[in-house]
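Asks:
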Amino acid sequence: MIQKPSALLKKFDFYPKKSLGQNFLYDSVWINRIVTAAEISRADVVLEIGPGSGSLTTALSSVARKVIAVEIDNRLIPILNHVLVENRNVTVILGDILECEPHKLMAQYDVSTFVVVANIPYYITGQIIRHLFQSSMLPRSITMSVQREVAERMIATPGQMNLLAVSAQFYSDVKIVDYIPAGAFYPVPAVDSALVRLDVFDPANHIHADSSLFFRIVRAGFGQKRKQLQNALSNGLRINKEQILNALANIGLDSRCRAQTLTMQDWADLTNMLSDAVAIATNQSSS
2 MIQKPSALLK KFDFYPKKSL GQNFLYDSVW INRIVTAAEI SRADVVLEIG
52 PGSGSLTTAL SSVARKVIAV EIDNRLIPIL NHVLVENRNV TVILGDILEC
102 EPHKLMAQYD VSTFVVVANI PYYITGQIIR HLFQSSMLPR SITMSVQREV
152 AERMIATPGQ MNLLAVSAQF YSDVKIVDYI PAGAFYPVPA VDSALVRLDV
202 FDPANHIHAD SSLFFRIVRA GFGQKRKQLQ NALSNGLRIN KEQILNALAN
252 IGLDSRCRAQ TLTMQDWADL TNMLSDAVAI ATNQSSS
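Numbered per my numbering, the sequence shown spans residues 2 to 288.
Structure follows, in structure tokens:
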């Protein structure tokens with residue numbers, strides 16, 4: 002275990018902000034575990050989200066061709082410049098990853114493929130994952146530490162499905178690699194973390210449905226998850242309940258089912274069954 006970053010942060014008069022969810026990973030055992038799980042080669046370009054005090058960044062730079070680190074907190078830039086002064090293959094960018102378009106970022110460095118590694122604030126995990134997956138240039142993989150509860154939601158199976166799980170599993174194979182104790186971070190968070198790896202694939206090869214409509218229907222279904230799916234979809238999509246019941250019956254689903262019980266294939270089948278009804282309802286509401 003290496004020294005806690007408290008002395009370094011104090012030197013720069015830096016104090017972590019709870020509002021930004023700043024808990025810096027400093028334990029070298031777990032830093033190396035993340036790097037190993039990411040399976041980075043000397044040919045790889047890494048997009049690191051939230052480099053923090055630079056401990057993980059330093060380890061990534063030793064195995065990758067290039068590391069592009071995006072940090073939202075301008076107070077950390079002097080610290081990162083100090084820590085990474087000899088790491089010539091690292092570029093630190095001040096910015097919000099939710100406002101960065103990965104394909105434009107990679108184009109600046111003539112990069113055609115990249116991987117994501119991140120230790121991100123728990124409260125923004127879902128937003129970051131969805132942002133990365135909605136980009137016109139998908140990463141090859143995403144390896145990150147997240148709150149244990151969030152990780153377990155991501156690998157949910159039918160019966161416990163949720164919007165985050167559907168989003169992650171639409172674009173990737175998700176697995177929990179390991180669990181990280183709270184003591185590996187500074188300051189120590191109130192919860193344990195999990196190391197998650199998402200191997201990204203082209204959804205067109207797995208889910209044969211229009212992605213935009215797919216997620217519109219999924220969001221409607223989970224928008225009122227305590228209700229039966231027929232009611233949630235009818236309210237959320239403004240379509241006739243009878244059409245929904247017919248669609249559910251045609252794909253072999255119980256009329257009383259709820260969103261959390263559906264498989265990924267069920268959602269794809271439902272999307273295709275309801276496409277015409279949703280299009281008609283959309284045209285009527287806009288006319």
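Here a beta-carbon is modelled for each residue, glycine too, at the ideal position from N, C-alpha and C.
For P188, which residues from the same chain have a beta carbon less than 7 Å from its beta carbon, with the 5 sequence-adjacent residues on both sides left out?
Replies: P17, N24
Asks: Where P190 and G184 are concerned, what is the direct C-alpha to C-alpha distance, given to the nearest angstrom?
Replies: 8 Å
Asks: Buried or exposed for T86, please, with buried defined as at least 16 other CB atoms from any protein chain shown within 10 angstroms of its CB.
Replies: Checking the displayed sequence, the identity of residue 86 turns out to be Val instead of Thr. Exposed is the call here.
Asks: Is it the case that the Cβ atoms of F223 and Q261 are separated by a distance below 9 Å?
Replies: yes
Asks: Note down the Cα distance separating L196 from I177, rounded to an integer number of angstroms.
Replies: Cα to Cα, L196 sits roughly 6 Å from I177.
Asks: Just mark N120 as buried or exposed, buried being the case when its beta carbon has 16 or more other beta carbons within 10 Å.
Replies: buried
Asks: In whole angstroms, what is the alpha-carbon distance linking V47 and L139?
Replies: 13 Å
Asks: So F171 and R141 are supposed to be a Cβ contact under 8 Å. How far apart are they, rounded?
Replies: 17 Å between Cβ atoms; not a contact.
Asks: Counting pairs of Cβ atoms below 8 Å between the region 88–106 and the region 61–75, do you hit three or more?
Replies: Contact between the region 88–106 and the region 61–75 is established, with three or more Cβ pairs separated by less than 8 Å.
Asks: List the endpoints of the continuous beta strand (DSSP E) containing Y180.
Replies: Element bounds for Y180: 173–181.
Asks: Spatial neighbours of I252 within its chain, please: CB distance less than 7 Å, with the 5 preceding and 5 following residues excluded, ordered by chain position.
Replies: D267, D270, L271, M274
Asks: Taking the C-alpha atoms as reference points, what is the distance between D74 and D97?
Replies: 9 Å
Asks: What is the DSSP secondary structure of K226, reduced to helix, strand or coil?
Replies: coil
Asks: Evaluate the contact criterion for the region 201–208 versus the region 54–61: three or more CB pairs, one atom per stretch, below 8 Å.
Replies: By the Cβ test, the region 201–208 is not in contact with the region 54–61, since fewer than three Cβ pairs between them sit closer than 8 Å.
Asks: Using only CA atoms, which one of S20, R76, V117 lies nearest to I35?
Replies: V117
Asks: Rounding to the nearest angstrom, what Cα-Cα distance links Q128 and A250 in this structure?
Replies: 34 Å
Asks: Cβ of I245 within 9 Å of Cβ of L230?
Replies: yes
Asks: Helix or strand or just coil, what does DSSP make of V86?
Replies: coil
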